[in-house]
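Protein chains in written order, with this note's numbering: chain A, 1 to 341; chain B, 1 to 256.
Printed below as a string of structure tokens:
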């Protein structure tokens, strides 16, 4: 097609859209593959930026009331609470300069939050409205750390019985296991050349898709992989995802969703996308990324194809299967919403 | 009229840009010829490419199968186009043919974090990888870096090429000056033959590997050369890490 025709088509498409103001905030671009395809809404948040600014938008979760919680390292409001339409409902938190990891746990019917703070070198358990319930300092008991600065926790995962796993993704890449009261049990992972080792253990979740064999799914982001361990920390399997700097795994239904911070082949250049794996942990869709394909058991190298995201850092999947993508270092922009088509 | 629509903020938000395609090659240095693949797994898009140095347009060839590179120095540029998207930025790489055989090389000791692959890093014919973590790169934080070369034969030398990396976001800058010296016959002295200064502290968004070419106008007969490289020592004022030491990354030296 000639460039002139291309321009003409684009403007015609736009004129069409202008007749229907409702969809002005959306685009015609559909992201993704197979049965996981989404329209994109980059103007979801209705927050007033002068009153509720964000810095890095690190992670998001949905609570049992259906509200969407965003964690940012902007200390004017570390937690911003939205409804699903992007209307701001509440905000709190001024004491989390390194707010990074946000995990929600239903504790006997009550929502509680676990926040990992990179700067404070701590994990903080809080109520849904920000009252601190417990603070976990650096895990001296493990014998692996001599000072708080060596410990830079990025994520937590909580088992149904309340056990806490912390990934020290910017520290020593260890996974720390605690009981529900915060007493140290063990550690595993860490750096090294073995399959059981981790490189940038950025995220962790409890995978209950196979009810008979619950396990932990851990990002080894710089290695472009997830690694599975049993709940006692025994290594089970590596899920190689060539090209993809995968942030935390997020499991909803049979699928695993992950923000990909950037493409391995184009580091430092806003080359992120979102990847979705099925129950067998095979890639079925890349949102703004390459069409998934396999050579044998391994996916072919994946990469960004559409510049829809800069540095995606987390995906939240709500009760209606919509996705919210929070981004790191992306011009202090609010999250992007994606709706299934 | 159409252009006005194209430039309006509304249009900008409703149309995404394609990411640049991905060039795949083992090294930008080759002996006789080399093959380059271009990847872009996105249905409904085409990659157009040029090897004449010009920006690819939709009139240029569509990439279908790997491209054969044979010429002494070839710059391959590619760009992705697709209906409903703004065309991508250009992705490019320049490929260099084998030069005169270099028999011996000694180099200022690199930084311990980026030692390359050892002594032969700069003459192994491997490099041009746009990733600072690639082992093909040797990294330095020094005022000057000196490379002494011995070629296999005593012969005329027309040109010297130093291949360096620019990735300012990762604190890696091209050198600000390079000098070439040859020995003065019958003495222990060296004569400065050519020097090239460059304004490399200026901001550049893209990262790229770059072949700095130094033409030796006199084309001296020699088997020995010294390259003196003057890196940017401090990150410039505009840089978020200003004042910190900058890096010099190099992966190959060739003489022609």
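For each residue, glycine too, the CB sits at the ideal point set by N, CA and C.
Outcome for residue i when other beta-carbon atoms lying within 10 angstroms are tallied against a minimum of 16
i	result
residue 27 (chain A)	For residue 27 (chain A), the predicted structure reports a pLDDT of 48, less than 50, and the residue's modelled location is therefore unreliable. The matter cannot be settled from this model.
residue 80 (chain B)	buried
residue 298 (chain A)	exposed
residue 59 (chain A)	buried
residue 128 (chain B)	buried
residue 154 (chain B)	exposed
residue 240 (chain B)	exposed
residue 194 (chain A)	exposed
residue 16 (chain A)	Annotation note: pLDDT 39 at residue 16 (chain A) (below 50); position unreliable, no value reported.
residue 293 (chain A)	exposed
residue 16 (chain B)	buried
residue 120 (chain A)	buried
residue 247 (chain B)	buried
residue 270 (chain A)	buried
residue 254 (chain A)	exposed
residue 20 (chain A)	Low per-residue confidence applies at residue 20 (chain A): pLDDT is 40, beneath 50, and the placement is therefore not dependable enough to give any value.
residue 192 (chain A)	exposed
residue 286 (chain A)	buried
residue 45 (chain B)	buried
residue 132 (chain A)	exposed
residue 20 (chain B)	buried
residue 52 (chain B)	exposed
residue 139 (chain A)	buried
When the options are compared against residue i, the one with the closest alpha-carbon
i	options	result
residue 113 (chain B)	B:136, B:38, B:151, B:167	B:136
residue 68 (chain B)	B:35, B:82, B:250	B:35
residue 103 (chain A)	A:338, A:121, A:127, A:305	A:127
residue 56 (chain B)	B:87, B:39, B:31	B:87
residue 105 (chain A)	A:94, A:310, A:77, A:163	A:163
residue 354 (chain A)	A:86, A:67, A:94	Because chain A here runs from 1 to 341, residue 354 (chain A) falls outside it and cannot be looked at.
residue 117 (chain A)	A:334, A:89, A:168, A:144	A:168
residue 110 (chain A)	A:125, A:148, A:329	A:125
residue 213 (chain B)	B:226, B:195, B:201	B:195
residue 55 (chain A)	A:73, A:233, A:281, A:65	A:73
residue 183 (chain B)	B:203, B:193, B:174, B:176	B:193
residue 273 (chain A)	A:35, A:221, A:210, A:312	A:312
residue 191 (chain B)	B:171, B:111, B:216, B:172	B:216
residue 249 (chain B)	B:186, B:46, B:110, B:21	B:110
residue 85 (chain A)	A:327, A:322, A:326	A:322
residue 142 (chain A)	A:170, A:136, A:176	A:176
residue 79 (chain A)	A:130, A:332, A:146, A:241	A:130
residue 83 (chain B)	B:43, B:71, B:170	B:43
residue 64 (chain A)	A:339, A:335, A:330, A:319	A:319
Distance cut-off 8 Å: residue i Cβ against heavy atoms of the ligand SAH
i	result
residue 228 (chain A)	Within the structure as shown, the ligand SAH is missing, as the structure has no ligands at all.
Contact list for the region 160–183 of chain B against chain A, Cβ threshold 9 Å = 167, 169, 170
Inspect the CB distances between the region 225–242 of chain B and the region 137–146 of chain B and report whether three or more fall short of 8 Å.
-> yes
Complete runs of the beta strand (DSSP E) confined to the region 192–275 of chain A [at least 3 residues] = With a minimum length of 3 residues, the continuous beta strand (DSSP E) runs that stay inside the region 192–275 of chain A are 204–207, 215–220, 225–229, 235–240, 244–246, 250–252, 255–263.
Would you say the region 149–160 of chain A touches the region 184–192 of chain A, given that touching needs at least three Cβ pairs under 8 Å?
-> Cβ pair count under 8 Å is below three, so no.
Which residue spans inside the region 62–148 of chain A form an unbroken alpha helix (DSSP H) run of at least 4?
-> The region 62–148 of chain A contains no whole alpha helix (DSSP H) run of 4 or more residues.
Decide if the region 159–172 of chain B is in contact with the region 104–113 of chain B; the criterion is three or more beta carbon pairs, one per stretch, under 8 Å apart.
-> No: the two stretches stay apart, fewer than three of their Cβ pairs being nearer than 8 Å.
Using a Cβ-Cβ cut-off of less than 7 Å, give me the residues of the region 298–320 of chain A that come near chain B, in sequence order.
-> 303, 304, 305, 306, 307, 308
Residues of the region 248–268 of chain A with Cβ closer than 9 Å to any Cβ of chain B, in chain order | 263, 264, 265, 266, 267, 268
Would you be able to state if there are at least three C-beta pairs under 8 Å between the region 204–218 of chain B and the region 165–185 of chain B?
-> yes
What residues in the region 40–54 of chain B bring their beta carbon closer than 8 Å to a beta carbon of chain A?
-> 40, 41, 42, 43, 45
With a floor of 3 residues, list each beta strand (DSSP E) that falls wholly inside the region 51–99 of chain B, ordered by position along the chain.
-> 67–69, 73–82, 91–97
Please name the residues in the region 209–239 of chain A whose beta-carbon is closer than 7 Å to at least one beta-carbon of chain B, in chain order.
-> None of the residues of the region 209–239 of chain A has a beta carbon lying less than 7 Å from any beta carbon of chain B.
Segment contact, 8 Å Cβ cut-off, at least three pairs: the region 92–103 of chain B with the region 58–65 of chain B | no
Counting Cβ pairs, one atom from each stretch, are 3 or more of them under 8 Å apart for the region 277–292 of chain A and the region 41–57 of chain A?
-> Here the region 277–292 of chain A does not lie against the region 41–57 of chain A, with fewer than 3 beta-carbon pairs under 8 Å apart.
Residues in the region 17–30 of chain B with C-beta within 7 Å of chain A's C-beta atoms, listed in sequence order?
-> 17, 18, 19, 22
Pull out every residue of the region 189–212 of chain B whose Cβ sits closer than 9 Å to any Cβ of chain A, in chain order.
-> 205, 206, 207
Residues within the region 232–252 of chain B neighbouring chain A, beta-carbon criterion of under 9 Å = none
Decide if the region 165–183 of chain A is in contact with the region 210–224 of chain A; the criterion is three or more beta carbon pairs, one per stretch, under 8 Å apart.
-> Yes, the region 165–183 of chain A touches the region 210–224 of chain A.
Please list the residues of the region 120–138 of chain B that have a C-beta atom closer than 7 Å to any C-beta atom in chain A, keeping them in chain order.
-> 131
Quick one: which residues of the region 45–77 of chain A get their C-beta closer than 8 Å to a C-beta of chain B? List them in chain order.
-> none
Starting from the N-terminal side, write out each stretch of the beta strand (DSSP E) that is 3 residues or longer and does not extend beyond the region 169–249 of chain B.
-> 177–183, 190–197, 208–215, 221–230
Segment contact flag, the region 131–151 of chain A with the region 200–211 of chain A, C-beta cutoff 8 Å, min 3 pairs | no
Relative to chain B, which residues along the region 274–291 of chain A have a C-beta separation below 7 Å, given in chain order?
-> 290, 291
Take every Cβ of the region 242–253 of chain A, pair it with every Cβ of the region 308–325 of chain A, and state whether three or more of those distances are shorter than 8 Å.
-> yes
Write down every uninterrupted run of the beta strand (DSSP E) in the region 26–54 of chain A whose length is 3 residues or greater and which is fully enclosed by it, in chain order.
-> 30–33, 36–41
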